[in-house]
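Q: Provided herewith is a single structure, encoded as structure tokens, for subsequent inquiry.
In this note's numbering, the protein residues as written are 296 to 425.
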């Protein structure tokens with residue numbers, strides 16, 4: 296049976312999402328482009344404060360995982376050591392959580408001009424394996 300978890304983070308503002316999809320067309324068939332993960336936790340836990348961020352770069356392993364790297368409160372570094380990102384698109388058989396490993400292994404390419412977007416703090420249920 297798939298494990299259900301509560302995830303805290305930021306959802307992309309719908310207008311910002313549409314703008315980014317036009318600026319950065321997804322390379323793979325499964326378009327994710329929906330959130331930045333903060334951390335797992337219970338529903339009642341405090342939500343993250345920051346709402347403004349910059350989309351500063353992109354990574355793509357050429358095998359089905361594409362992510363956009365973001366800067367939140369002036370940093371791309373997440374508290375536990377990985378990189379703030381939005382899983383942008385996936386090929387069939389690939390999973391969103393692979394974005395962390397792709398960024399760690401390959402790094403990312405900075406955009407010439409960062410793109411400011413608004414994020415909406417929130418939480419959602421994540422079913423492992425989906």
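Every residue, glycine too, gets a C-beta built ideally from N, C-alpha and C. Owing to the predicted nature of the structure, the values given are computational and were not obtained by experimental measurement.
Could you check what DSSP says for residue 407 in three-state terms: helix, strand or coil?
A: Along the chain shown, read from residue 1 onward, the residue named residue 407 stands at position 112. Residue 407: strand per DSSP, three-state reduction.
Q: Would you kindly report the start and end of the unbroken beta strand (DSSP E) that includes residue 353?
A: Working through the chain shown from its first residue, we reach residue 353 at position 58. Note, residue 353: beta strand (DSSP E), 347-355.
Q: Grab me the residues of residue 321's own chain with a C-beta within less than 6 Å of its C-beta, minus the 5 sequence neighbours each way, in chain order.
A: Locating residue 321 in the chain shown gives position 26, where the first residue counts as 1. Answer for residue 321: 383 and 384, listed in chain order.
Q: Residues in the same chain with beta-carbon distance under 7 Å from residue 416, minus the five sequence neighbours each way, listed in chain order, please.
A: Counting from one through the chain shown, the residue named residue 416 turns up at place 121. 305, 342, 343 and 346, listed in sequence order.
Q: Using the Cα positions of residue 340 and residue 332, report the straight-line distance between them to the nearest angstrom.
A: The residue labelled residue 340 in the question sits at position 45 within the chain shown. The residue labelled residue 332 in the question sits at position 37 within the chain shown. Roughly 14 Å separates the two Cα atoms.
Q: So for residue 300, helix, strand or coil by DSSP?
A: As a first step, residue 300 must be located in the chain shown, where it is residue number 5. Three-state result, residue 300: strand.
Q: Between 310, 317, 369 and 421, which lies nearest to residue 349 when the distance is taken from Cα to Cα?
A: Numbered from its first residue, the chain shown carries residue 349 at position 54. Closest by alpha carbon: 369.
Q: In chain order, what are the residue ranges of uninterrupted beta strand (DSSP E) at least 3 long that sit wholly in the stretch 311-396?
A: As far as the stretch 311-396 is concerned, its whole beta strand (DSSP E) runs of at least 3 residues are 330-335, 347-355, 360-367 and 380-385.
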